[in-house]
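Trainee: Take this structure, written in structure tokens, and hold onto it; I'll ask about it next.
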Amino acid sequence: MGLTIAQKIIKNHLVCGEMITGNEIGLRIDQTLTQDATGTMAYLQFEAMGIDRVKTELSVAYIDHNTLQAGFENADDHRYIQTVTKKHGIRFSRPGNGICHQVHLERFSKPGKTLIGSDSHTPTAGGIGMLGMGAGGLDVAVAMGGGTYYITMPKMLKVNLVGKLSDYVGAKDVILEVLRQLGVKGGVGAIVEYAGEGVKTLSVPQRATITNMDAELGATSSIFPSDDVTKAFLAAEGRVEDFVELSSDPDAVYDAEYTVDLSKLQPLAACPHSPDNVKPVSALSGMKISQVCIGSCTNSSMQDMLTVAAMLKGKTVHPDVSLSISPGSKQVYTMLAECGALADLINAGARILECACGPCIGMGFSPKSAGVSLRTFNRNFLARSGTADAQVYLVSPETAAASAIAGEFTDPTTLGVAPIIEMPTSFKINDNLIEMPVAAEEMETVTVERGPNIKPIPVGKAPAKDLSCELILKVGDDITTDHIMPAGTKVLPYRSNVPKLSEFCFTVCDKDFPERAKAKGGGVILGGSNYGQGSSREHAALVPLYLGIKAVVAKSFARIHVANLINFGIVPMTLANPDDYEKFSEGDALEIAGFAAAVKGETEALLVNKTNGASAKLCLNLSARQREMLLAGGCLNYTKNQK
Ligand code: MIC
Ligand code: SF4
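What the sequence shown shows, in the working numbering, is residues 181 to 823, in sequence order.
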């Protein structure tokens with residue numbers, strides 16, 4: 181039987197396990213990346229492992245999320261990351277160099293290799309034919325130390341792209357169409373491969389826009405073939421030697437296939453508050469808007485920026501609209517400046533931000549009260565923009581630019597013929613903001629600088645023999661990590677200070693949760709389906725651990741979050757019958773007799789509601805390795821015990 185592209189890469193990197201869908205497999209990781217909002221924790225954990233030098237082919241630390249620096253905290257964390265990476269063999273991408281995924285695509289990603297990143301949008305590298313996966317910081321730390329990365333062997337989905345995009349229809353519309361067809365749970369347990377004759381019509385940055393939003397599908401990864409277009413991109417980046425051709429075998433087998441006809445595609449928008457709530461822009465036309473934000477790791481390439489600049493040239497942004505533009509990298513930013521397109525953007529009234537995540541993670545540029553904000557980003561979760569009642573729509577750069585000028589939702593295809601964008605055949609290469617680590621023999625010369633905001637990481641405990649506690653919080657379906665551990669300007673500075681961070685835990689859903697959890701010594705959380713979707717932030721497990729959460733029961737879990745829960749010793753269990761969810765209410769007294777024994781070896785446990793006498797069967801869908809980790813109280817204890 182033939183293999184898919186992903187199966188070929190997995191086969192080449194398989195350390196343990198059998199490549200049977202649903203089995204746990206271990207992979208060798210060639211490259212890692214971190215960003216600053218998750219990086220501090222990842223490097224603290226790497227240091228705790230006591231390994232001198234990274235063992236990967238390449239590891240890079242980016243500074244792109246916490247760049248607002250309203251106090252000393254972020255700057256201190258940046259300095260910590262800069263010094264710890266210098267010592268241990270990791271490259272450091274200085275603030276100002278750009279968003280991790282965009283820079284990694286430009287400068288480091290390689291077809292056929294594996295990459296894990298402490299950021300859920302790491303599958304962006306799939307645009308170049310690399311197997312990129314989002315992971316918790318602890319998993320990245322383990323991989324940096326040469327350890328195996330474990331995933332469940334995914335099923336394979338194929339999206340056939342036919343035809344060619346029409347004028348003013350972008351790569352963003354392709355992934356929004358995929359999200360419309362599959363939904364935010366549609367990719368769970370799967371790798372999505374893009375195929376068909378339409379592939380060759382898309383540039384690498386366009387492909388990366390599509391694989392970037394793999395995270396929104398809940399998939400393990402997404403990948404494109406590596407072909408002549410890939411080769412041309414690598415050549416333009418001055419690294420044609422990194423090219424290898426990659427395609428699936430003609431007789432490769434997929435678990436499901438979907439089709440997107442590029443030529444029939446219309447501009448689309450993901451409506452509040454979910455990336456799969458997709459409608460045609462034409463159905464929203466005329467809706468007044470107050471803000472447009474262009475950028476993020478999804479849509480900040482040179483091609484995106486040139487498209488927007490051509491549309492804004494000689495025009496003025498509507499007086500009711502505030503437009504922000506964040507180019508994705510220093511490479512993009514300098515090229516825009518040199519070709520004059522930056523001037524077109526500035527003249528039109530765009531507010532140019534530094535090349536960083538910025539408004540995407542709520543770092544400034546929050547919309548006005550109940551404001552309608554059109555963003556070329558990948559997430560429109562409730563309150564993520566920093567304004568609780570804002571209405572955020574995810575759109576293409578083409579729709580964003582057309583609407584910014586008109587002051588209302590505008591279908592760009594109504595503008596007629598699109599301007600022709602001349603893409604440069606070579607990019608401006610200058611890696612002067614990538615700092616190299618010192619040589620191994622000089623590592624003792626580097627002093628790692630730690631600011632006062634860095635507080636100890638909580639460590640889990642072995643599960644109790646019997647679990648007896650309160651249902652401390654009950655939440656619904658599709659709870660995101662932004663609900664569990666919000667981001668934004670007020671919270672992000674504390675990413676290395678768990679006690680302080682705990683004051684914000686779940687406050688999007690329930691303002692009193694942190695106080696209640698503290699007063700009652702924690703308990704159990706009950707969630708709906710796809711619990712923990714969204715980001716890779718392990719803080720969504722670390723902080724509940726700090727607040728005393730022992731277990732999370734849900735209808736189903738998102739991949740990265742469930743791995744993070746296990747890493748920190750919180751037991752994830754699913755309801756055997758999802759309808760049993762109704763038998764439990766917040767505040768109920770719960771009991772699981774033989775809890776530790778269930779974690780040790782049972783596939784089922786009985787959750788008893790002592791308040792109303794009801795009960796529910798729970799499933800413990802755990803590998804032997806995960807059970808051992810939970811019994812040890814998490815990965816750090818487990819690793820220590822193994823030494
Ligand atoms: C996000 O887009 O939500 C983030 C911020 O990039 C996160 C990582 C984090 O929370 O630091 C992600 O996607 O993993
Ligand atoms: Fe940054 Fe936004 Fe991309 Fe996350 S999704 S890495 S916050 S740009």
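Heads up, the beta-carbon is just placed ideally off N, CA and C, and yes, glycines get one too. If you're wondering where the values come from, they're calculated on a predicted model, not measured in any experiment.
(1) Taking 7 angstroms as the cut-off, decide whether the C-beta atoms of D646 and F775 are in contact.
(2) Just the C-alpha distance for P292 and V424, rounded to the nearest angstrom, thanks.
(3) So does T496 have its beta carbon nearer than 6 angstroms to some heavy atom of ligand 1?
(4) Report the residue from M336, A186, A415 and G278 whose alpha carbon sits nearest the alpha carbon of T214.
(5) So, for G306: in the same chain, excluding its five sequence neighbours on each side, which residues have a beta-carbon less than 8 angstroms away from its beta-carbon?
(6) Hey, how far is the Cα of D136 from the Cα of I746?
(7) Would you call the segment 570-583 and the segment 323-330 touching, i.e. three or more CB-CB distances under 8 angstroms?
(8) Could you check whether the segment 241-255 touches the segment 343-350, counting it as contact only if at least three pairs of C-beta atoms, one from each stretch, sit closer than 8 angstroms?
(9) Is any heavy atom in ligand 1 found nearer than 6 angstroms to the beta carbon of A217?
(10) Within a Cβ cutoff of 6 angstroms, which residues of the same chain sit near K468, ignoring the five residues on either side of it in sequence?
(11) Given the structure, does D347 come close to ligand 1, in the sense that its CB is under 6 angstroms from one of the ligand's heavy atoms?
(12) Could you tell me whether the Cβ atoms of G813 and G749 are closer together than 7 angstroms?
(13) Quickly, what does DSSP pair A584 with across the bridge? List them, please.
(14) Under the rule that 16 or more other beta-carbon atoms within 10 Å means buried, what is I600, buried or exposed?
(15) Which one of F737, T819, T791 and D768 has the shortest CA to CA distance from C799?
(16) For V618, collect the residues of the same chain with a Cβ closer than 8 angstroms to its Cβ; drop the 5 residues on either side in sequence, then sort them by chain order.
(17) Candidates R287, G206, Y242 and V364: which alpha carbon is nearest D657's?
(18) Assuming L448 and D353 are in contact, meaning their beta carbons sit under 8 angstroms apart, how far apart are those beta carbons, in whole angstroms?
(19) Per DSSP, what are the beta-bridge partners of S648 in this structure?
(20) With a cut-off of 8 angstroms on the beta carbons, I'd call S682 and Y726 a contact; round off their distance for me.
(21) For A667, count the other beta carbons within 10 Å of its own beta carbon; 16 or more makes it buried, fewer makes it exposed. Which is it?
(22) Can you check whether the CB of V440 is closer than 7 angstroms to the CB of L516?
(23) Name the residue from G544, I652 and M616 whose alpha carbon lies nearest to the alpha carbon of R250.
(24) Let me know the secondary structure DSSP gives Q713 once reduced to three states.
(25) With C-beta atoms as the reference, is D759 less than 7 angstroms away from L651?
(26) What I want to know is whether the C-beta of I279 ends up closer than 6 angstroms to one or more non-hydrogen atoms of ligand 2.
(27) In whole angstroms, give me the CA-to-CA distance for V264 and E762.
(28) Residue ranges of each alpha helix (DSSP H) run of no fewer than 4 residues wholly in the segment 560-620, ordered along the chain?
(29) Let's see if you can read the secondary structure: which residues bound the beta strand (DSSP E) around I705?
(30) Taking the straight line between their C-alpha atoms, what separation do you get for H453 and N560?
(31) CB-CB under 6 angstroms to K680, same chain, minus the five flanking residues each way: which ones, in chain order?
(32) Confirm, please, whether the CB-CB distance from L359 to V458 is below 7 angstroms.
(33) Where G230 and S709 are concerned, what is the direct C-alpha to C-alpha distance, given to the nearest angstrom?
(34) From which residue to which residue does the alpha helix (DSSP H) around R287 run?
(35) Which class does R274 belong to by DSSP, given the choice of helix, strand or coil?
(36) First and last residue of the beta strand (DSSP E) that includes A734?
Mentor: Once the coordinates are examined:
(1) Yes.
(2) Reading the sequence as shown, one finds Gly at residue 292 and not Pro. When rounded, the separation of the alpha-carbon atoms in G292 and V424 is 7 angstroms.
(3) T496 Cβ: outside cutoff for every heavy atom of ligand 1.
(4) Across the set M336, A186, A415 and G278, the C-alpha of G278 shows the shortest separation from the C-alpha of T214.
(5) Residues of the same chain with a CB within less than 8 angstroms of the CB of G306, apart from the 5 flanking positions on each side, are G312, R387, A388, T391, D394, S401, S402, I403 and F404 in chain order.
(6) Any answer about residue 136 is impossible in this case: the structure gives the chain only from 181 up to 823.
(7) The segment 570-583 vs the segment 323-330: no contact.
(8) A contact between stretches requires three or more CB pairs, one per stretch, nearer than 8 angstroms, and the segment 241-255 fails this requirement with the segment 343-350.
(9) Yes, since a heavy atom of ligand 1 falls inside the 6 angstroms radius drawn around the Cβ of A217.
(10) The residues are E588.
(11) Every heavy atom of ligand 1 is 6 angstroms or more from the Cβ of D347, so no.
(12) In this structure, G749 lies closer than 7 angstroms to G813 by Cβ.
(13) Looking at the DSSP assignment, A584 forms no beta bridge with any residue, so it has no partner.
(14) Exposed, because fewer than 16 other Cβ atoms sit within 10 Å of the Cβ of I600.
(15) Checked all of F737, T819, T791 and D768; the closest Cα to C799 is F737.
(16) Close CB contacts of V618 within its chain, under the 8 angstroms cut and outside five residues either way in sequence, are with K266, K267, T625 and V626 (chain order).
(17) When each option's Cα is compared against that of D657, the closest is V364.
(18) Yes, they are in contact, since the Cβ atoms of L448 and D353 sit about 5 angstroms apart, within 8 angstroms.
(19) Looking at the DSSP assignment, S648 forms a beta bridge with E771.
(20) Right, the Cβ-Cβ distance comes to about 5 angstroms (below 8 angstroms), so this counts as a contact.
(21) Answer is buried; the Cβ neighbour count reaches 16.
(22) No. Outside cutoff.
(23) Residue 250 is actually Ala in this sequence, not Arg. Of G544, I652 and M616, the smallest CA-CA separation from A250 is found for G544.
(24) Of the three classes helix, strand and coil, the one that applies to Q713 here is strand, per DSSP.
(25) In this structure, L651 does not lie closer than 7 angstroms to D759 by Cβ.
(26) I279: yes, Cβ under 6 angstroms from ligand 2.
(27) Their Cα atoms are separated by approximately 48 angstroms.
(28) Secondary structure in the segment 560-620: the alpha helix (DSSP H) runs of 4 residues or longer, each lying completely within the stretch, are 577-586 in chain order.
(29) Looking at the DSSP string, the run of the beta strand (DSSP E) that includes I705 is G703 to L706.
(30) Between H453 and N560, the C-alpha separation is close to 5 angstroms.
(31) Residues Y674 of the same chain have their beta carbon placed closer than 6 angstroms to that of K680, with the five preceding and five following residues left out of the count.
(32) Contact: yes.
(33) Taking the Cα positions, G230 is about 38 angstroms away from S709.
(34) Element bounds for R287: C280 to R287.
(35) Coil at R274, not helix or strand.
(36) The continuous beta strand (DSSP E) containing A734 extends over residues I729 to A734.
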